[in-house]
Amino acid sequence: MSERLPALSRRGLARCAGTVLVTLAGGALSASSASAAITAHGQRLQPSPHLSANANQSSNWFGYGQGALEQGSTLFNSITGDWTIPSASQHTAGQAEASSDWIGIGGGCIDAGCTASDSTLIQTGTEQDVSATGVASYDAWYELVPAPSLQISSMTVAPGDRMQASLAEVVADSNVWTITIQDLTRGESYSTTVPYSSSHATAEEIGTDAGFAALPNLTDPDFDSATVNGAPVKLSASEALDLTASDGTVIGTPSAPNPNLDGFSACAWATSCSAPSG
34 MSERLPALSR RGLARCAGTV LVTLAGGALS ASSASAAITA HGQRLQPSPH
84 LSANANQSSN WFGYGQGALE QGSTLFNSIT GDWTIPSASQ HTAGQAEASS
134 DWIGIGGGCI DAGCTASDST LIQTGTEQDV SATGVASYDA WYELVPAPSL
184 QISSMTVAPG DRMQASLAEV VADSNVWTIT IQDLTRGESY STTVPYSSSH
234 ATAEEIGTDA GFAALPNLTD PDFDSATVNG APVKLSASEA LDLTASDGTV
284 IGTPSAPNPN LDGFSACAWA TSCSAPSG
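For the sequence shown, the numbering used here assigns the number 34 to the initial residue and increments by one for each residue that follows.
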């Protein structure tokens, strides 16, 4: 397993969202119904500058993640999850703000102490942005970091739509992945199969990724029905990540897991968040 879990120095953690860049297999972005877009996602986990005090804080993500070492040397070959597209509104007048909700494999903390992180990231989700003039926009996308994200132009998404997404390796260790995202409310879906060299070392059910953009006001995306490697995810409160501002203030937080341990609420601009009841 050592060839998949490269050791990263703390300098590497600080330099590039906690990870290093990887090689993208050629031809992975040849999807006729997708187009390139500038978005808030695409960054792997950036630990908070206060990492030594609290390893469960990030400056670009909040939600839940599991790591290979934290899970007893488990490697990840698939992940699924449901969420509701949140409504986005401007938090600070005159400021462009961005967010995304997604599932992914890679980019997170390999161990519970976040002393090493995954060097790859394949992900799919929805984007919820607000322009400087206060106009909200929404879209679906997928991404194979470090390549640019691709907006899925064949899908129309809106606040309140219930989404379901999956990432699954076609054959274990093949590094060929099927990406599927569905809008259950509208009956729309998109699927593609792409080559991507993954370390398979972490899995994320992310409440919100603000990237390196300002965070808008957001309603709760209500993540649910998460699985990893074909089994219910069994989230633990110790796997939760808070989002912090540059001064260390918590500005986004996930709730405790729901009763089934396969979902959670995510609260923007809050320091606490109530867990779903079902």
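Every residue gets a Cβ at the ideal spot worked out from N, C-alpha and C, and that includes glycine.
Rounded straight-line distance, which links the Cα of residue j to that of residue i
i	j	result
Ala131	Asn250	10 Å
Thr286	Thr113	21 Å
Ala129	Ser92	18 Å
Thr277	Ile239	15 Å
Pro192	Pro119	5 Å
Ile174	Ala180	The question names Ile, but residue 174 is Trp in the sequence shown. Going by the C-alpha atoms only, they are around 13 Å apart.
Tyr223	Gln215	6 Å
Leu200	Asp253	23 Å
Trp302	Pro309	18 Å
Asp275	Phe297	13 Å
Arg219	Asp206	34 Å
Contacts around residue i, its chain only, beta-carbon distance under 8 Å, and the 5 residues preceding and following it disregarded
i	result
Val203	Val209, Trp210, Thr211, Thr226
Ala270	Ala289, Pro290
Ile143	Leu38, Gly100, Ala101, Leu102, Glu103, Ala149, Ser150, Asp151, Ala234, Thr235
Simplified DSSP state of residue i, which is helix, strand or coil
i	result
Ser230	coil
Ala270	helix
Ile118	coil
Ala289	coil
Trp302	coil
Pro265	strand
Leu108	coil
Gly141	coil
Ser150	strand
Gln161	strand
Ser279	coil
Ala259	strand
Leu251	strand
Gly100	strand
Gln156	strand
Leu57	The predicted position of Leu57 is uncertain, since its pLDDT is 15 and thus under 50; a value taken from the coordinates is nonetheless stated next. In this structure, Leu57 counts as coil in the three-state DSSP scheme.
Ala308	coil
Ser132	strand
Burial state of residue i (16 or more Cβ within 10 Å)
i	result
Gly137	buried
Thr159	buried
Ala165	exposed
Val178	buried
Pro150	Here residue 150 turns out to be Ser, not Pro, going by the sequence shown. Buried, because 16 or more other Cβ atoms sit within 10 Å of the Cβ of Ser150.
Gly96	buried
Gly281	exposed
Gly100	buried
Thr157	buried
Ala31	Past the boundaries of the shown model lies residue 31; the chain is included only from 34 to 311, so the question cannot be answered.
Pro141	Inspection of the sequence shows that residue 141 is occupied by Gly rather than by Pro. Flag for Gly141 reads buried.
Ser152	buried
Ser231	buried
Ser307	exposed
Thr125	exposed
Ser279	exposed
Cβ shell of residue i (< 7 Å), same chain only, five flanking positions each side left out
i	result
Ser305	Thr286
Gly127	Ala165
Ala273	Asn89, Tyr97, Pro287
Contacts around residue i, its chain only, beta-carbon distance under 6 Å, and the 5 residues preceding and following it disregarded
i	result
Ala121	Gln161, Val163, Ala169, Pro249, Leu251
Asp172	Glu160, Gln184
Glu221	Met188
Ala236	Gln99, Phe109, Ile112, Ile138, Val261
Leu217	Arg195, Gln197
Problem - Whole beta strand (DSSP E) elements within the segment 166 to 249, 3-residue minimum - result: Fully enclosed beta strand (DSSP E) runs of 3 or longer: 169 to 178, 183 to 185, 195 to 202, 209 to 216, 221 to 228, 235 to 242.
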